[in-house]
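*Asks:* Adding 14 to a residue's 1-based position in the sequence shown gives its number in my numbering.
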Amino acid sequence: MLSPALSAMMSDVRSSSRVPTWEEQFISHERRVKAALHNVANDACQFRNNPNADPTLAEKFWRLAERLYPGYEGIEPKVDLPLIYQRVPIACNVSCDGCFTGANFPWKHTETHVTFEDLVDTARQAADLGCEVTKINGEGEPGLYKQLADYVEAVKKFGIKEVIICTNLYRDTQHMRGALQAGARIYGKHWTLSPELMHSMTDRNYDYVRQGHLGPAPSVLYALFQDFPNQVGIQVAFRDINMQDAFRIRQMLGPVLPVYMEPYIGFPIVPDACGFATNSCAKEPIYTAWSASISSHGIVGRGGFSEEGISLREGGGLHAVMEQSFVIDEGLFSSRYVRPENGCHCMIRALKESQEGQAETSLVDLNLRKD
Ligand code: SF4
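#1: Is residue 358 buried or exposed, if buried means 16 or more other CB atoms sit within 10 Å of its CB?
#2: Is the CB-CB distance between residue 321 and residue 313 below 7 Å?
#3: Once you ignore the five residues that flank residue 187 on each side, which residues in its own chain have a CB closer than 8 Å to its CB?
#4: In this structure, does DSSP put residue 63 in helix, strand or coil?
#5: Hey, how far is the Cα of residue 241 from the Cα of residue 180?
#6: Is the separation between the beta-carbon of residue 239 and that of residue 246 shorter than 7 Å?
#7: If we count Cβ pairs, one from each stretch, closer than 8 Å, do we get three or more for the segment 65–76 versus the segment 33–48?
#8: List the residues that DSSP assigns as beta-bridge partners of residue 180.
#9: Around the Cβ of residue 249, are there at least 16 other Cβ atoms within 10 angstroms (buried) or fewer (exposed)?
#10: So for residue 104, helix, strand or coil by DSSP?
#11: Answer with buried or exposed for residue 176, where buried requires no fewer than 16 other C-beta atoms within 10 angstroms of its C-beta.
#12: So which of 257, 200 and 226 has the shortest CA-CA distance to residue 215?
#13: Nearest to residue 109 by alpha carbon, out of 192, 91, 129 and 183?
#14: Can you tell me which residues form a DSSP beta bridge with residue 252?
#15: At the level of alpha carbons, what is the spacing between residue 339 and residue 237?
#16: Closer than 7 Å by C-beta to residue 50: which residues in its own chain qualify, once you throw out the five before and the five after it? Chain order, please.
#17: Determine which residues share a DSSP beta bridge with residue 232 and list them.
#18: Please report the Cβ distance between residue 97 and residue 170, rounded to the nearest whole angstrom; I am assuming they are in contact, meaning their Cβ atoms lie under 8 Å.
#19: For residue 202, which option in 155, 88, 323 and 81 has the closest C-alpha, if you only look at C-alpha atoms?
#20: Straight-line CA distance for residue 351 to residue 173?
#21: Quick check on the DSSP output: what are the complete alpha helix (DSSP H) runs of length 4 or more inside the segment 128–193, in order along the chain?
#22: With 16 other CB atoms within 10 Å as the buried threshold, where does residue 136 fall?
#23: Does the separation of the CB atoms of residue 341 and residue 60 fall below 7 Å?
#24: Ligand 1 heavy atoms versus the CB of residue 256: any closer than 6 Å?
#25: First and last residue of the beta strand (DSSP E) that includes residue 324?
#26: For residue 310 and residue 127, which I take to be in contact (beta-carbon distance under 8 Å), what is that distance rounded to the nearest angstrom?
#27: With which residues is residue 214 paired in a DSSP beta bridge?
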């Protein structure tokens, strides 16, 4: 249960004008729904015609698809990916508790990691499938990836309009600045107004600016915001110990720059807060229906940080994997057709249960947000 003080704070934040995340600005709700319907129509086509389609999954599909994605019948079947998530193979320079990125310490490069050429080629393939935005996470910290600016320059030539990079804001790196100069946008990790708490959650001593127009914040946020004011946003992950700070950050900085709030993966969190905080989940089609998450080993995963899925190398490339795998691989199928409780994909790991088949599971009626 939320404390009365936090409930009141959330209520205030709810009633304040909502700041869309960059993803929402660049890929509208309508575009997401349209892409999801294209992909679901493609799955229907595959279930009808592909001899490799799993009959058990087919039975589930015909039961769930219309409820989750009403209107998909009659839509052109095709793979449609307005956004892909890509993870660059790189170590991290901080050590957050509950890190789910696979940046296990000490991190080692392996021969199964994607190359720079692989990353760019995957973005090229995605552009052919309608991709407008790529979002870069690291297996560790993308700001340490030497070819970050080269990546941004290369993918923009394919017609990809936006590259969004998630960084931990621990160090101001030339690679990050090069990427910003090449037109990328960043979401920086800003979890708490307390340097000590940030330190305890990340096991590193962040430099903080304690007085200033952004309030107490990592000094790298100030430095980047000063030089690239229209390209910098914040990612606030919250759990019990930083929840009040997280909502204060949202209240304080939401009117100034994009703020993306999400439950801290790996920790149970209050469901109400989850539904409110993650802008892109509650009333949206499940994100695996309109985007793809590709790991630093070139695997199209079942969720944001899943290494389980289908390898692009073995699956014949992005189009082939996205066209066929959701009717063959049970995990991928579930990631598209089983909405986790509260409608938030971030909660999959925390809740460990699904509500497959429950009557209220649908594309639009979760009703968790009131904006
Ligand atoms: S900054 Fe990201 S990759 Fe690094 S430890 Fe924290 S959560 Fe993991």
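Built from N, CA and C at the ideal position, the CB exists for glycine as well.
*Replies:* On the basis of the coordinates in this document:
#1: In the sequence shown, the residue the question calls residue 358 occupies position 344. Bear in mind that a pLDDT of 46 at residue 358, under 50, signals an unreliable position, so the number given afterwards is only what the model happens to contain. Taking a 10 Å sphere around the C-beta of residue 358, we find 16 or more other C-beta atoms and assign the residue as buried.
#2: As a working note, residue 321 is residue 307 in the sequence shown. As a working note, residue 313 is residue 299 in the sequence shown. At the C-beta level, residue 321 and residue 313 come within 7 Å of one another.
#3: In the sequence shown, counting from the first residue as 1, residue 187 sits at position 173. The beta carbon of residue 187 sits closer than 8 Å to those of 157 and 158, all from its chain and outside the five residues before and after it, given in chain order.
#4: In the sequence shown, counting from the first residue as 1, residue 63 sits at position 49. Collapsing the DSSP output to three states places residue 63 in a helix.
#5: Counting from one through the sequence shown, the residue named residue 241 turns up at place 227. Counting from one through the sequence shown, the residue named residue 180 turns up at place 166. Linking residue 241 to residue 180 through their CA atoms gives a straight-line distance of about 17 Å.
#6: What you label residue 239 is simply residue 225 of the sequence shown in a count that begins at 1. What you label residue 246 is simply residue 232 of the sequence shown in a count that begins at 1. Taking a C-beta distance under 7 Å as the contact criterion, residue 239 and residue 246 qualify as a contact pair.
#7: In this structure the segment 65–76 does not lie against the segment 33–48, because fewer than three pairs of beta carbons, one per stretch, are closer than 8 Å.
#8: Counted from its first residue, the sequence shown places residue 180 at position 166. Residue 180 is bridged to 201.
#9: Position 235 of the sequence shown, counting from 1, holds the residue named residue 249. Of the other Cβ atoms in all chains shown, 16 or more fall within 10 Å of the Cβ of residue 249; this residue is therefore buried.
#10: The residue labelled residue 104 in the question sits at position 90 within the sequence shown. Residue state, collapsed to three classes: coil.
#11: Stepping through the sequence shown from its first residue, residue 176 is reached at position 162. For residue 176, the number of other beta carbons within 10 angstroms of its own is at least 16, and it is reported as buried.
#12: By 1-based counting over the sequence shown, the position of residue 215 is 201. Put simply, of 257, 200 and 226 the residue whose alpha carbon is nearest the alpha carbon of residue 215 is 257.
#13: As a working mapping, residue 109 is identified with position 95 in the sequence shown. For residue 109, the closest C-alpha among the options 192, 91, 129 and 183 is that of 183.
#14: Your numbering for residue 252 matches position 238 in the sequence shown. Note: residue 252 sits in a beta bridge opposite 277.
#15: Position 325 of the sequence shown, counted from the start, is the residue given in the question as residue 339. Position 223 of the sequence shown, counted from the start, is the residue given in the question as residue 237. One C-alpha to the other measures close to 44 Å.
#16: In the sequence shown, the residue the question calls residue 50 occupies position 36. Excluding sequence positions up to five before and after residue 50, its CB lies within less than 7 Å of the CB of 83, 299, 303 and 304, all in the same chain and listed in chain order.
#17: As a position in the sequence shown, residue 232 is number 218, starting the count at 1. BP columns for residue 232 point to 222.
#18: Within the sequence shown, residue 97 is the residue found at index 83, counting from 1. Within the sequence shown, residue 170 is the residue found at index 156, counting from 1. About 15 Å; that fails the 8 Å criterion.
#19: Here residue 202 refers to the residue found at position 188 when the sequence shown is read from its first residue. Looking at 155, 88, 323 and 81, the one whose alpha-carbon comes closest to that of residue 202 is 155.
#20: Here residue 351 corresponds to residue number 337 of the sequence shown, with the count starting at 1. Here residue 173 corresponds to residue number 159 of the sequence shown, with the count starting at 1. Straight-line Cα distance between these residues: approximately 30 Å.
#21: Runs of the alpha helix (DSSP H) lying entirely within the segment 128–193, each at least 4 residues long, are 130–142 and 162–170 in chain order.
#22: Counting from 1 along the sequence shown, the entry for residue 136 is found at position 122. With 16 or more Cβ atoms within 10 Å of its Cβ, residue 136 is classed as buried.
#23: Within the sequence shown, numbered from 1, the residue matching residue 341 stands at position 327. Within the sequence shown, numbered from 1, the residue matching residue 60 stands at position 46. Residue 341 places its beta carbon less than 7 Å from that of residue 60.
#24: If you number the sequence shown from 1, residue 256 lands on position 242. For ligand 1, not one heavy atom lies less than 6 Å from the Cβ of residue 256.
#25: Working through the sequence shown from its first residue, we reach residue 324 at position 310. Here the beta strand (DSSP E) through residue 324 covers 323–325.
#26: What you label residue 310 is simply residue 296 of the sequence shown in a count that begins at 1. What you label residue 127 is simply residue 113 of the sequence shown in a count that begins at 1. Correct: roughly 6 Å between the Cβ atoms.
#27: To locate residue 214, count along the sequence shown from 1; it is residue 200. In the DSSP assignment, residue 214 is bridged to no other residue.
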